[in-house]
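As they're listed, the protein sequences go chains Y and H.
Heads up: the first sequence begins at 3 in the numbering used here, then just goes up one per residue.
Heads up: the second sequence begins at 3 in the numbering used here, then just goes up one per residue.
To keep things clear, I will list the structure first and then write my remarks on it.
There are 2 protein chains.
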Amino acid sequence: MSDTTYTIKQIADIAGVTTRTIRYYDQIDLLKPADIRVNGYRYYDRSSLLRLQQIMFFRELDLPLEDIRSIVNRPDFDLIDALKKHRITLQKQQTRLQRLLRTLDQTIDSLTGTGEMSEKDYFAGFDQSQYEEEVRARWGNTYQTTQSQQKWASYSPQQQEEIKAQSGQLIMRMVGSDPSASPEDAAIQQAVGEYFDYLNRYFYTCDLEFFRGLADMWVSDPRFAVNYERVRPGGAAFVREAVHHYCDTH
Amino acid sequence: MSDTTYTIKQIADIAGVTTRTIRYYDQIDLLKPADIRVNGYRYYDRSSLLRLQQIMFFRELDLPLEDIRSIVNRPDFDLIDALKKHRITLQKQQTRLQRLLRTLDQTIDSLTGTGEMSEKDYFAGFDQSQYEEEVRARWGNTYQTTQSQQKWASYSPQQQEEIKAQSGQLIMRMVGSDPSASPEDAAIQQAVGEYFDYLNRYFYTCDLEFFRGLADMWVSDPRFAVNYERVRPGGAAFVREAVHHYCDTH
DNA sequence: CTTGACATTAACGTTACGTTAAGGTGTAAG
DNA sequence: CTTACACCTTAACGTAACGTTAATGTCAAG
């Protein structure tokens with residue numbers, strides 16, 4: 003029976019990690035050497051290797067080392083429960099990542115210009131936004147889900163083109179071109195007022211509070227935000243401030 | 003025109019972060035105060051707020067602050083390219099997370115005992131393992147993908163039951179019950195040898211090198227690993243060492 | 001005996017802040 | 001005018017899991 007012993011580098015290479023990792027595991031009492039000789043060298047044996055391989059398995063699952071220590075130290079540890087809890091953590095991460103990827107794709111699309119959002123999508127966005135729940139919670143039934151879409155569909159193609167052009171011009175004016183301008187400047191506020199009227203005329207029956215909420219959404223939902231960011235960096239936040247000021251003073 | 007200024011707490015509350023965050027952003031030159039008065043207090047203005055909101059947008063996308071600094075500092079920064087690269091990072095994370103979740107589910111299932119892997123799945127696992135590519139790369143066509151499945155299907159239900167029972171007993175014997183035992187102990191090696199014969203008789207035509215590779219897979223693929231872990235923590239790694247020793251000495 | 005690969009400890013760097021600690025400032029109420 | 005109390009400041013340590021030097025000691029081979 004060969005009494006297999008490993009130096010720190012040997013066991014590290016087998017496990018596919020660096021010697022620093024092995025020393026660190028020693029330091030935090032996760033994997034102690036089987037033997038330390040007079041020269042101060044760490045020596046490991048077969049059971050060390052088995053233990054290390056167990057550690058690697060759980061590490062691959064992104065479990066924190068402290069949890070792993072509990073798992074490998076105490077045989078009576080409730081492993082199943084720990085794994086289930088960990089599963090929930092990973093699940094949340096995944097859900098968040100999916101959301102981020104959607105947001106990112108939309109942002110890239112809009113910045114690239116290829117996926118320019120049509121007016122139809124634009125207003126459909128209001129209705130089917132990922133923030134719909136939030137909007138509903140705030141305004142309840144005063145806000146008709148399909149109101150804007152129905153209204154939009156009732157226009158002739160020609161009318162739709164005209165309305166789109168108006169929207170584009172108003173947005174440009176609301177964002178402005180001067181980075182040093184203030185959202186409270188008269189010209190900006192004028193444009194905001196016109197946009198408010200524009201919304202009421204062609205899409206919603208919307209009061210000032212609802213208008214304010216929309217502006218918040220334009221910032222937090224990238225599908226809208228990019229329309230302003232494209233005009234000027236920081237454009238979305240700028241318009242939000244402008245709308246807030248408008249609502250404060252009317 | 004109200005010259006809006008904010009104290010550090012005010013701007014932090016608006017952005018939904020702590021004052022520590024704002025101070026940190028000052029420290030790393032990401033967001034400098036608009037003004038520092040004689041009392042040493044930081045004061046921010048509207049443009050600070052807009053900039054901060056831009057920062058928050060990109061932070062939400064998990065972009066590192068250093069990248070964000072480049073984005074908000076230099077208007078000529080290639081934002082689209084940066085976002086596309088970032089997308090790849092997130093995509094990789096997501097793919098990995100999906101894999102981890104699968105592994106975790108399988109591990110939990112097996113530990114719970116509800117999802118006990120049937121023999122059919124067990125050997126189907128060999129064929130359709132996520133490591134199939136790896137296995138193929140190592141043994142090429144000497145390994146017939148469907149060989150084990152066909153062989154298994156050719157047995158009568160009664161025969162299958164007997165074979166399953168044999169497998170269970172052999173696994174128990176290979177893993178052993180003594181945590182201080184060595185994989186090289188005679189009893190263990192005897193069981194390993196019987197398992198090798200068992201595989202050859204009922205499933206594969208498999209040589210020692212292939213047997214060694216299988217043992218590696220039992221450790222790295224949790225669907226197999228848990229069968230050994232259930233017998234005893236560290237069981238999978240133990241069996242691998244035992245099989246390796248067996249192959250070394252035959 | 002030298003060379004080169006390997007071993008050791010110590011200590012700082014990483015990311016994006018959280019968390020004290022010790023003390024200064026602003027403002028409103030008594 | 002004092003006293004609360006909320007707010008501000010800097011400084012410094014803590015986090016997770018190592019990576020990366022730096023300075024130094026040890027072992028095996030030629």
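Where a beta carbon is used, it is the ideal one built from N, C-alpha and C, also for glycine.
- Nearest Cα to Arg25 of chain H within the set H:Thr7, H:Tyr46, H:Asn41, H:Val40: H:Tyr46.
- Taking the Cα of Gln55 of chain H as reference, the smallest distance to any Cα among H:Pro185, H:Asp78, H:Ala14 is reached at H:Ala14.
- Apart from the 5 residues on each side of it in sequence, Ser184 of chain Y has no Cβ closer than 7 Å to any other Cβ in its chain.
- Note: Thr7 of chain Y is bridge-paired with Y:Asp47 in the DSSP secondary-structure output.
- Ala227 of chain H has a beta carbon lying within less than 8 Å of a beta carbon in chain Y.
- Ranked by how close their Cα comes to the Cα of Leu92 of chain Y, the residues Y:Pro66, Y:Val74, Y:Arg71, Y:Gln108 have Y:Pro66 in first place.
- Secondary structure within the region 8–95 of chain H: the beta strand (DSSP E) runs of 3 or more consecutive residues, fully enclosed, are 44–47 (chain order).
- Taking a C-beta cut-off of 9 Å against chain H, the contacting residues of the region 59–75 of chain Y are Phe59, Glu62, Leu63, Asp64, Ile73, Val74, listed in chain order.
- In the three-state DSSP reduction, Ala227 of chain H falls in the helix class (H, G or I).
- Taken atom to atom, the span from the alpha-carbon of Ala36 of chain Y to that of Arg44 of chain Y is near 8 Å.
- Listed in chain order, the non-local C-beta contacts of Phe79 of chain Y below 7 Å within the same chain comprise Ser72, Ile73, local neighbours out to five positions each way being set aside.
- Each residue's CA atom was taken as its position, placing Glu68 of chain H and Ile90 of chain H some 18 Å apart.
- In this chain, Glu186 of chain Y is not harboured by any alpha helix (DSSP H), its DSSP state being neither H nor E.
- The beta carbon of His246 of chain H sits no closer than 8 Å to any beta carbon of chain Y.
- For Val221 of chain H, the nearest beta carbon of chain Y is closer than 8 Å to its own beta carbon.
- About 7 Å separates the CB atoms of Tyr8 of chain H and Leu51 of chain H; that is less than 8 Å, so the two are in contact.
- Interface annotation for the region 97–115 of chain H against chain Y: Leu99, Gln100, Leu102, Leu103, Thr105, Leu106, Asp107, Thr109, Ile110, Leu113, Thr114, criterion Cβ-Cβ distance under 8 Å.
- Counting along the chain, the unbroken alpha helix (DSSP H) around Cys249 of chain H starts and ends at 237–250.
- With distances taken between CA atoms, Val19 of chain Y lies nearest to Y:Phe59 out of Y:Asp31, Y:Phe59, Y:Arg39.
- Only those residues of the region 30–52 of chain Y whose C-beta falls short of 9 Å from the nearest C-beta of chain H are listed: Arg48, Ser49, Leu51, Leu52.
- For a cut-off of 8 Å, the C-beta gap from Glu196 of chain Y to His247 of chain Y is around 15 Å, too long to register as a contact.
- Exclusion of the five residues before and after Ala193 of chain Y leaves Leu172, Arg175, Met176 as the residues of its chain whose Cβ lies within less than 7 Å of its Cβ.
- Pro235 of chain Y counts as buried, since at least 16 other C-beta atoms from the protein chains shown sit within 10 angstroms of its C-beta.
- Put simply, the backbone Cα of Val40 of chain Y is about 19 Å away from that of Gln12 of chain Y.
- For Ala17 of chain Y, the closest alpha carbon among the candidates H:Asn202, H:Ala239, H:Asp250 is that of H:Ala239.
- CA-CA distance, Asp107 of chain Y to Arg242 of chain Y, rounds to 23 Å.
- Thr105 of chain H is positioned such that its CB atom lies no closer than 8 Å to that of Leu81 of chain Y.
- In this structure, the straight-line span from the alpha carbon of Lys34 of chain Y to that of Thr23 of chain Y is close to 12 Å.
- Within the model, the alpha-carbon separation for Gly42 of chain Y versus Leu99 of chain H is close to 40 Å.
- Proximity of Ile82 of chain H to chain Y, defined by a Cβ-Cβ separation below 8 Å, is satisfied.
- DSSP places Gly178 of chain Y in the coil class of the three-state scheme, outside both helix and strand.
- Nearest CB-CB separation between Phe212 of chain Y and chain H: not below the 8 Å threshold.
- Exposure of Ile38 of chain H is indicated by the presence of fewer than 16 other C-beta atoms within 10 angstroms of its C-beta.
- With contacts defined by Cβ atoms closer than 8 Å, Ile70 of chain H and Leu113 of chain H do not form a contacting pair.
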